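Going down the list, the sequences are from chains A and B. Position 315 of the first sequence, counting from 1, maps to 315 under the UniProt record's numbering, and the rest follow consecutively. Position 112 of the second sequence, counting from 1, maps to 112 under the UniProt record's numbering, and the rest follow consecutively. Backbone N, C-alpha and C fix where the C-beta goes; we use that ideal spot for every residue, glycine too. Given the structure is predicted, the values throughout are model-derived calculations rather than measurements. Worksheet for the structure shown next.
Protein chains: 2
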Amino acid sequence: MRRWNGWGEETTSMALPVQGREFLAGEIGGGLKLADATLETVLAKVPASRLGEHPLVVREPLDRLLHARGQSLPDWLAMREGEFGRFPDGVAYPQSAAQIRELLRYAAEQDCLLIAYGGGTSVAGHINPPDSAKAVLTLSLEHMNRLLELDEESLVATFGPGANGPQVESQLRARGYTLGHFPQSWELSTLGGWVASRSSGQQSLRYGRIEQLFAGGTLETFAGPLDIPTFPASSAGPDLRELVLGSEGRFGVISSVKVRVSPLPEQENFHVVFLPSWQQGLRAIRRLAQARVPLSMLRLSNAVETRTQLTLAGHPRSIAWLERYLKLRGAGDGKCMLTVGVTGARAQNAASLKAARRLLKGFGGVFTGTLLGRKWEASRFRSPYLRETLWQAGYVVDTLETATDWSNVDNLMQRIEACLRDGLTAEGERVHVFSHLSHVYGEGSSIYTTYVFRPAASYAATHERWRRLKDSASRVIVENRGTISHQHGVGKDHAPYLAAEKGELGMATLRVLAGHFDPAGRLNPGTLLQE
Amino acid sequence: MRRWNGWGEETTSMALPVQGREFLAGEIGGGLKLADATLETVLAKVPASRLGEHPLVVREPLDRLLHARGQSLPDWLAMREGEFGRFPDGVAYPQSAAQIRELLRYAAEQDCLLIAYGGGTSVAGHINPPDSAKAVLTLSLEHMNRLLELDEESLVATFGPGANGPQVESQLRARGYTLGHFPQSWELSTLGGWVASRSSGQQSLRYGRIEQLFAGGTLETFAGPLDIPTFPASSAGPDLRELVLGSEGRFGVISSVKVRVSPLPEQENFHVVFLPSWQQGLRAIRRLAQARVPLSMLRLSNAVETRTQLTLAGHPRSIAWLERYLKLRGAGDGKCMLTVGVTGARAQNAASLKAARRLLKGFGGVFTGTLLGRKWEASRFRSPYLRETLWQAGYVVDTLETATDWSNVDNLMQRIEACLRDGLTAEGERVHVFSHLSHVYGEGSSIYTTYVFRPAASYAATHERWRRLKDSASRVIVENRGTISHQHGVGKDHAPYLAAEKGELGMATLRVLAGHFDPAGRLNPGTLLQE
């Protein structure tokens with residue numbers, strides 16, 4: 001059973017060992033737990049639907065409750081407090097493009113707003129109903145989850161937009177293929193959602209971002225269907241795929257997705273290397289990316305993240321042993337953990353690993369084999385469960401992310417971390433902050449920052465703490481050459497900061513496009529473009 | 001001195017050995033030469049300019065003549081006949097973004113049309129003044145050709161838009177870098193033109209297309225400047241770079257271009273391999289691309305192109321020796337030549353070549369070393385000169401290109417070749433047709449087809465022969481899952497076929513964008529979008 005007020009399956013959790021609890025208490029003080037609402041109290045608050053009857057539209061309170069919120073920190077606080085704010089007035093579960101078009105017609109008749117819903121995993125408020133006098137219909141694509149066609153020569157697969165990560169991979173795996181797109185939300189997020197929000201997976205270094213994997217498909221709009229045929233490449237004018245990518249439900253509803261798949265790799269390994277310092281680690285992964293060594297992943301934790309992860313892992317004796325060994329080899333207090341993935345043919349992997357090993361040794365890298373890599377692999381989709389664990393322990397955790405050119409990566413990371421670390425000083429609260437770089441390119445890198453703080457005495461005051469932290473970090477990002485999002489998208493939470501990077505004319509251009517595809521402004525208002 | 005009525009430098013030419021002439025005579029009959037106009041007669045036809053005076057605007061007949069036509073086959077025929085049709089009314093050579101903006105204001109005042117001009121190498125009619133009652137100002141960016149900034153950590157270089165291939169590479173090379181973008185037009189075409197027309201270079205397999213190299217920059221539009229900052233990647237909504245790419249002068253004038261550069265490679269080699277048949281070659285390069293073997297180029301000629309190239313190379317004795325050797329090794333009459341490029345670190349190149357060799361041997365590939373590869377390299381930018389050579393010998397040559405998914409590559413190539421080969425049968429004329437695949441992707445490949453035919457008794461009848469061939473081949477392409485262009489862009493020649501792949505709503509979207517950036521419709525009308 002999926003949690004109604006948090007991440008993932010009720011039966012799954014991530015343990016916090018006693019050492020982790022002690023570590024956090026030392027860093028930011030003991031935990032404080034706010035009371036959780038029950039499902040019954042929230043269900044009782046769902047108001048009557050404002051939508052008229054339609055065979056495809058479900059107006060039950062539970063359906064509406066389960067599609068009201070995503071997984072942002074404000075969503076979390078709202079769900080735990082039981083103060084959801086707006087609910088959709090109905091939820092539809094179309095089974096075909098024809099039903100999506102029927103629902104667009106219904107939305108026009110009802111003069112209601114329409115929100116396309118994939119896995120509900122947005123951490124930026126993409127799918128939350130806006131505060132509007134109009135009714136809201138949420139369109140869940142969960143039933144359109146099948147592999148519809150597979151061109152094994154061209155390696156192009158056609159899926160329904162609602163296929164989630166496991167549905168995509170299991171249907172491909174049965175035929176010997178993989179998409180290779182593994183965002184942390186993979187267990188719940190969907191192909192259509194990845195496309196609409198420009199998602200990036202953990203092995204983007206090999207498989208590319210969703211931009212590179214998305215080959216074509218159909219967007220159902222109020223101006224008719226936008227059908228995008230597949231070509232390996234084209235110079236025939238602006239690429240319309242790029243208008244669907246990142247459209248976040250503003251231009252239309254994606255009804256089919258064609259993706260570039262790969263044969264299942266012969267071999268895949270994740271090796272963990274420790275670098276003696278952040279600066280050495282940073283230079284090393286930049287060089288690896290710029291030398292085009294064919295790896296599938298590079299993930300470098302900074303010193304605080306490294307220390308935090310080793311502590312939260314439990315197993316203090318093994319870790320102590322590991323740390324003694326690393327210190328002897330030159331990776332002491334400021335050490336940074338680097339995970340190196342190789343995926344593909346054995347011979348190619350061996351050559352890639354050899355090249356990586358040689359380069360990393362030049363930066364003082366100490367290889368520890370694949371044991372820690374296997375641990376990472378086993379829990380690669382578990383991090384989102386940590387919020388529940390920490391919440392129960394009396395802490396709030398959130399993440400934010402950006403990307404910038406290499407010459408600015410260190411500067412931007414330091415500024416983001418500093419502004420979060422000092423963000424609650426006025427209230428006498430500390431914030432535990434750490435970062436990693438997990439998507440590297442020739443030009444630069446993503447920066448993924450986690451911050452942990454204590455709730456205040458009330459939900460409202462806790463939300464205000466978050467808002468101040470998030471706002472100051474977002475400003476630091478856009479004022480210092482970072483993009484407001486590398487992989488989470490814009491949604492509602494990042495929309496106020498978008499103009500800083502798109503510019504006045506860029507924003508006007510996006511509005512012109514929204515008006516073109518959706519003249520009445522029914523599609524997901526407030527997301528991507530502020531009202 | 002650059003030729004006023006054809007490709008490239010007057011002092012450069014490509015010889016046609018006697019064997020080549022005999023071969024063509026055997027294939028399609030002896031050559032027929034039409035008379036060339038002189039520069040003086042054409043200059044005398046340039047009418048008075050309709051533009052008012054401006055310090056940045058040159059209204060001299062020679063400047064206007066030299067910017068009136070590109071390098072399409074209709075352009076060629078017009079230039080050789082001396083019937084240019086429309087000339088621009090003036091040419092401006094801005095030196096800065098401020099001057100470009102000044103010229104946009106001037107164009108509005110004068111109520112004239114404005115055409116951005118890079119190297120004038122379009123083979124699809126991009127820069128030809130349309131037949132309009134309004135005056136036309138051509139804006140040559142040739143003076144904006146400098147490397148303005150180089151971020152050596154992020155490998156991002158900022159250039160003026162008018163830098164041509166040699167200017168880009170020489171300025172980067174002096175600092176130890178390369179862009180790695182080498183279209184066949186490289187000696188004359190420009191960075192801004194590559195971006196505006198979505199160009200692809202011969203080593204796109206390593207460096208990517210211009211879409212992957214273009215990191216940001218500025219587009220000056222009638223609605224203001226569109227400034228695109230550089231990020232290694234972003235999920236912050238639709239990517240505005242993608243609106244500049246392929247905009248073909250319709251949305252604005254590119255005033256600066258930021259590109260992703262690479263350190264100069266340690267080593268680069270081109271190996272020539274012969275495959276026993278087209279089918280074997282096709283399967284082999286598909287497998288190489290899909291296995292992600294890190295090569296820099298794969299270029300497979302079909303059997304007719306292989307035979308034609310070996311014959312046109314001259315050196316009949318060496319070729320006969322080579323062919324005997326190849327036949328002994330299993331590559332006889334239907335053999336296909338494959339050029340394999342490796343670029344990068346020596347160790348990586350050795351590993352890549354080993355992987356390629358093993359795979360190609362499985363398809364009957366016979367390696368002949370790097371001698372023929374060096375010959376290809378030495379003349380890699382010479383093919384455009386062949387049109388002059390063949391013209392002098394009494395033949396017309398043109399090329400066309402597309403891209404499609406692997407499952408359709410053979411089908412589409414056969415259909416294109418058949419329609420060209422039989423296209424002049426009604427007049428009792430033969431057409432010599434051959435193709436190669438030179439840009440391969442996991443999903444599919446480009447198809448590049450060359451066709452040679454004899455001029456008719458007049459220029460008008462010769463143009464009509466071309467028009468019939470081009471039209472029927474273009475229809476075959478768009479009716480059979482091909483894109484109307486993989487690397488040449490749309491221009492005016494491909495514009496009638498664009499709707500077949502963009503769809504009704506896609507075309508309407510492009511028009512909405514053009515109207516947004518250029519409400520009065522002054523920018524390059526007729527290109528990309530038909531009037």
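Using 8 Å as the limit for Cβ to Cβ distance, is residue i near chain A?
i, result
"B:Tyr-325", "no"
"B:Leu-139", "no"
"B:Arg-292", "yes"
"B:Leu-34", "no"
"B:Arg-198", "yes"
"B:Trp-406", "yes"
"B:Asp-151", "yes"
"B:Leu-243", "yes"
Taking DSSP as the reference, what is the three-state secondary structure of residue i?
i, result
"B:Met-1", "coil"
"A:Gln-267", "strand"
"A:Arg-421", "helix"
"A:Met-337", "strand"
"B:Gly-344", "strand"
"B:Lys-258", "strand"
"A:Val-512", "helix"
"B:Asn-408", "helix"
"A:Val-452", "strand"
"B:Phe-434", "strand"
"B:Glu-444", "Looking at the sequence provided, one finds Gly at residue 444 of chain B rather than Glu. Strand at B:Gly-444."
"B:Met-413", "helix"
On the premise that residue j lies in contact with residue i, defined as a C-beta separation below 8 Å, what is that separation, rounded to the nearest angstrom?
i, j, result
"B:Pro-94", "B:Leu-56", "6 Å"
"B:Leu-155", "A:Gly-442", "6 Å"
"A:Arg-299", "A:His-486", "Going by Cβ atoms, the distance from A:Arg-299 to A:His-486 rounds to 14 Å, so no, they are not a contact pair."
"B:Arg-421", "B:Leu-114", "That belief does not hold up - the Cβ atoms of B:Arg-421 and B:Leu-114 are roughly 41 Å apart, past 8 Å."
"A:Thr-370", "A:Asn-269", "5 Å"
"B:Ser-13", "B:Glu-388", "6 Å"
"A:Gln-415", "A:Phe-363", "It is Arg, not Gln, that sits at residue 415 of chain A in the sequence shown. Their Cβ separation, rounded to whole angstroms, is 24 Å, which puts A:Arg-415 and A:Phe-363 out of contact at 8 Å."
Of all the CB atoms in chain B, is at least one closer than 8 Å to the CB of residue i?
i, result
"A:Ile-484", "yes"
"A:Tyr-441", "yes"
"A:Phe-231", "yes"
"A:Lys-335", "no"
"A:Lys-502", "yes"
"A:Arg-260", "yes"
"A:Ser-435", "no"
Does the distance from the C-beta atom of residue i to that of residue j stay below 8 Å?
i, j, result
"B:Val-512", "A:His-516", "yes"
"B:Leu-412", "B:Thr-399", "no"
"A:Gly-120", "A:His-67", "yes"
"A:Thr-21", "A:Val-46", "Sequence inspection shows Arg at residue 21 of chain A; the Thr mentioned does not correspond to that position. It is not a contact, given that the beta carbons lie outside the stated cut-off."
"A:Val-261", "A:Leu-386", "no"
"B:Val-257", "B:Pro-161", "yes"
"B:Ser-185", "A:Ser-235", "no"
"A:Val-259", "A:Ala-320", "no"
"A:Gln-171", "A:Ala-135", "no"
"A:Leu-34", "A:Pro-384", "no"
"A:Leu-226", "A:Gly-192", "no"
"A:Val-431", "A:Leu-390", "no"
"B:Leu-32", "B:Gly-394", "yes"
"B:Leu-505", "B:Ile-484", "no"
"B:Ile-228", "B:Leu-240", "yes"
"B:Leu-424", "B:Arg-465", "yes"
Within the stretch 367-405 of chain B, ranges of the beta strand (DSSP E) (whole runs, at least 3 residues): The stretch 367-405 of chain B contains these whole beta strand (DSSP E) runs: 396-405.
Contained alpha helix (DSSP H) runs [length at least 4] in the stretch 214-262 of chain A, N- to C-terminal order: 241-244
Every unbroken alpha helix (DSSP H) inside the stretch 6-85 of chain A [4 residues or more]: Listed in chain order, the complete alpha helix (DSSP H) runs (minimum 4 residues) inside the stretch 6-85 of chain A are 18-28, 39-45, 61-66, 73-81.
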